[in-house]
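Input: a single structure, listed below in structure tokens.
There are 2 protein chains.
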Amino acid sequence: MGLPSPRLIALDWGTSALRAYLLADDATVLDVRSRPWGIMHLPPGGFPAAFHDTVGDWRDAHPGVPAIAAGMVGSAQGWVEAAYCPCPAGPQELARVVRQVDIGGNAVLHIIPGVEQRGAAPNVMRGEETQIVGALGLDPALRERALLVLPGTHCKWVDIRAGRIERFETFMTGELFSVLCEHTILGRPARAAEPLPAPAWPAFARGVDLIREAGERGLAPNLFLARSLVLNGTLQPAESLDFLSGLLIGEELRVALRNSPADSLVLIGEAALCGRYQRAFAQFGYPDVRRIENVSPAGLWHIAAMAGLLGASASSASPETTP
Amino acid sequence: MGLPSPRLIALDWGTSALRAYLLADDATVLDVRSRPWGIMHLPPGGFPAAFHDTVGDWRDAHPGVPAIAAGMVGSAQGWVEAAYCPCPAGPQELARVVRQVDIGGNAVLHIIPGVEQRGAAPNVMRGEETQIVGALGLDPALRERALLVLPGTHCKWVDIRAGRIERFETFMTGELFSVLCEHTILGRPARAAEPLPAPAWPAFARGVDLIREAGERGLAPNLFLARSLVLNGTLQPAESLDFLSGLLIGEELRVALRNSPADSLVLIGEAALCGRYQRAFAQFGYPDVRRIENVSPAGLWHIAAMAGLLGASASSASPETTP
């Protein structure tokens, strides 16, 4: 047998970065490229230029290979707006409403929509739906019922039922941490201090425990501790950001775990950030929360297959995506 | 009788502004000046230049009149550091630890310390202690027992017992609102919209109610609504900041009013911001929370009197500051 042949060009195109995969059957990654061209940081020429510069040679070398993308590229500020797919949403529902944008040469880029929760608790995600489809593809045991946690700028807590996104919540923990560090008095001591070579885990754990013990009073009256503990000398300036991280992640877990979830609890995302959540989960009595990684290529592959972009053989290679 | 004669130069010197009062007996304001020279925005020449430029002519015209200041001018980043006075703290305790800084011509500026809460819930204030002393001077009925709320960058909730600051909490509501508006995705729609001519009170009330009804789940899972309600078209971009303000003030009240306070509840501060809190208080079942204004001159006067800066007559003019 020769090398597996390319079957799909798959893009994870978010706000701050663009990652492109060249995939063979079963989402095997043949090649991968990262560019700093998130939708808010495009090169001259905009979306078409970013696309052709990143994957143009793949398209020339493998004519006819389809292309699909997920993430903010389908938002109102994206290349073309792909309207949200309402909950409950799984790969079938998503595949049904994939949008297309002309990329020249009689070809199109398929764009996966985000997911919208309607009703009394309106919510949106865009990009995470594809990671979730990937995770459920990689670990079919999660499909029946699971609680998936995707840390990041806007952390998502997602209830999975029968292979679909049933409902979800958003915690702005990542963005909140970032602006508190960069723009408020809480970040000032650390901004002036020598950065630590490694996270200050005891300070992080102290922040998590403090919020856990605060109970329903929660974060609001305790956030300022990231300053007053530095002022009274019991928290070192350089450690104060890890303490703050512990407060914020602690608040997220305090609220989200209030009614102890019975479902399988799984983290999806990057190792360092998920490691932080794993430590916090352990402090809340969940010591074995595991992590699934590299979910994006699998998700892009599954949705492309469902959308019929990969022909009959590839589509039938993932029959398990139908609950 | 002629005009009352000047007895005190009194400065409210914070992070972003300097306000100077020329006071006669009983804290009567003879003249007032505002400068943009907060301790982080000093003119060339620093603290001495700012001081002399602002009140030098008062000092020349009224030689021997003492000068006193409160606020961040006494912080580690201030003119001279005035170490915190521990709780419980009233005018006597504050007056006892006033610091001095040389201002030339054999004269000094007296600097009022902040207040520190030690123990399990460490906390600090600087500047608010003087406003509180002023409020208790203006309304002696509050001295025995009251709950004072001072909205602002770092909102303070202060328990008063027997004329002194017994304990207090800090909510970073003002600073949080500011950075969320200016630096996060929540502020983006409003930043791009035409500013409203007046606050969008229905949007504000909606935010407050939403948090009140959220109960102990609180703000964390609901903050992102300031985005998803704009995306689903049920909140106008220009109104979204007032909605966000309602969420944040609502969270503060939800936590602080959890155990219904039995004490007199009084707001101290600027009319527009206190008006916002009054509306939120009404939604939480406290329709008659009143406001005390212009407390700074009274506070500076009382502490100066306690510190013996005004001679026997002035000091005895405020015997009621001793519980």
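Protein sequence lines correspond, in order, to chains A and B.
Residue numbers for the first sequence follow the numbering used here, beginning at 1 and rising by one.
Residue numbers for the second sequence follow the numbering used here, beginning at 1001 and rising by one.
All C-beta atoms, glycine included, are put in the ideal place defined by N, C-alpha and C.
Quick caveat, the model's predicted, so the values are computed rather than measured.
For a contact meaning CB atoms closer than 7 Å, what does residue i contact in chain A?
| i | result |
| --- | --- |
| H1183/B | V179, H183 |
| S1228/B | P122, N123, V124 |
| E1252/B | A220 |
Taking the CB atoms as reference points, tell me whether residue i and residue j lie closer together than 7 Å.
| i | j | result |
| --- | --- | --- |
| A70/A | G127/A | yes |
| L1253/B | F1204/B | no |
| G246/A | G218/A | no |
| L18/A | L8/A | no |
| I165/A | A89/A | yes |
| L1354/B | K1156/B | Beyond the ends of chain B as shown, which are 1001 and 1323, falls residue 1354/B; an answer cannot be given. |
| A190/A | L231/A | no |
| R1033/B | T1054/B | yes |
| P4/A | D25/A | yes |
| A298/A | L109/A | no |
| A95/A | I303/A | yes |
| I112/A | T130/A | yes |
| L223/A | M1172/B | yes |
| V295/A | G56/A | no |
| T1170/B | H1154/B | yes |
| D263/A | R143/A | no |
| W1301/B | A1027/B | yes |
| I103/A | V73/A | no |
| V1080/B | V1065/B | no |
| W58/A | A50/A | no |
| M1306/B | Q1077/B | no |
With DSSP as the reference, label residue i as helix, strand or coil.
| i | result |
| --- | --- |
| L18/A | strand |
| T946/B | Nothing about residue 946/B can be read from this structure; chain B reaches only from 1001 to 1323. |
| S1316/B | Residue confidence is low: S1316/B scores 38 on pLDDT, short of 50, so the model does not pin down where it sits. Its coordinate-derived value is still stated next. Residue state, collapsed to three classes: helix. |
| H1302/B | helix |
| T322/A | Because T322/A sits at a pLDDT of 36, beneath the cut-off of 50, its placement in the model cannot be relied upon, and the point is left open. |
| L1309/B | coil |
| S1335/B | In the structure as shown, chain B begins at 1001 and stops at 1323. Residue 1335/B is therefore absent and cannot be evaluated. |
| G104/A | strand |
| C274/A | helix |
| V1098/B | coil |
| R258/A | coil |
| A10/A | strand |
| I1292/B | strand |
| V1080/B | coil |
| A1089/B | strand |
| S1240/B | helix |
| I1249/B | helix |
| L1231/B | helix |
Since residue i meets chain A, which of its residues come closer than 8 Å, beta carbon to beta carbon?
| i | result |
| --- | --- |
| H1110/B | In chain order: nothing, as chain A lies at least about 23 Å away. |
| R1217/B | V255, R258 |
| M1040/B | Residues of chain A passing the Cβ test: none, with the nearest at roughly 11 Å. |
| F1243/B | Going along chain A, no residue has its Cβ under 8 Å from F1243/B, so there is no contact; the nearest lies around 13 Å. |
Should residue i be listed as close to the ligand SAH, given that the test is whether its C-beta is under 6 Å from any heavy atom?
| i | result |
| --- | --- |
| A1256/B | Ligands in the displayed structure: none, and consequently the ligand SAH is not present. |
In chain A, which residues lie with their C-beta within 9 Å of the C-beta of residue i?
| i | result |
| --- | --- |
| L1231/B | A76, Y84, E116, P122, V124 |
Kindly list, in the order they appear in chain B, the residues whose Cβ is closer than 8 Å to that of residue i.
| i | result |
| --- | --- |
| P343/A | Summary: the structure shown does not reach residue 343/A, with chain A confined to residues 1 through 323, and so no result is reported for it. |
| A205/A | Within 8 Å Cβ-Cβ: nothing; A205/A doesn't reach chain B, min ~17 Å. |
| L265/A | What L265/A touches in chain B: nothing, since even the nearest Cβ is about 17 Å away. |
If residue i sits next to residue j, beta carbons under 8 Å apart, how far is it from one beta carbon to the other, in whole angstroms?
| i | j | result |
| --- | --- | --- |
| I1068/B | L1309/B | 7 Å |
| I1249/B | I1268/B | I1249/B to I1268/B, Cβ: 16 Å. No contact. |
| A1238/B | A1193/B | 4 Å |
| L1244/B | L1180/B | 6 Å |
| C85/A | V97/A | 5 Å |
| I132/A | V158/A | 6 Å |
What residues from chain B crowd round residue i, counting only those whose CB sits closer than 7 Å?
| i | result |
| --- | --- |
| P261/A | None at all; the shortest Cβ gap to chain B is about 14 Å. |
| E270/A | What E270/A touches in chain B: nothing, since even the nearest Cβ is about 20 Å away. |
Please list, in chain order, the chain B residues whose beta carbon lies closer than 9 Å to that of residue i.
| i | result |
| --- | --- |
| P237/A | The contacting residues do not exist; P237/A stays about 12 Å from chain B at best. |
| L369/A | Lying before the first or after the last residue shown, residue 369/A is absent from chain A, which here runs from 1 to 323. |
| A70/A | Those do not exist, as A70/A stays about 18 Å from chain B at its closest Cβ, beyond 9 Å. |
| H154/A | I1185, F1224, R1227 |
message: Could you tell me which whole alpha helix (DSSP H) segments of length 4 or greater appear in the region 179 to 225 of chain A?
response: 188 to 192, 201 to 214
task: Ignoring anything shorter than 3 residues or poking outside the region 1026 to 1068 of chain B, list the beta strand (DSSP E) runs there in chain order.
output: 1028 to 1035
query: Counting only runs that start and end within the region 115 to 180 of chain A, where is the beta strand (DSSP E) found for 3 or more residues in a row?
result: 115 to 117, 123 to 125, 145 to 150, 155 to 161, 164 to 171
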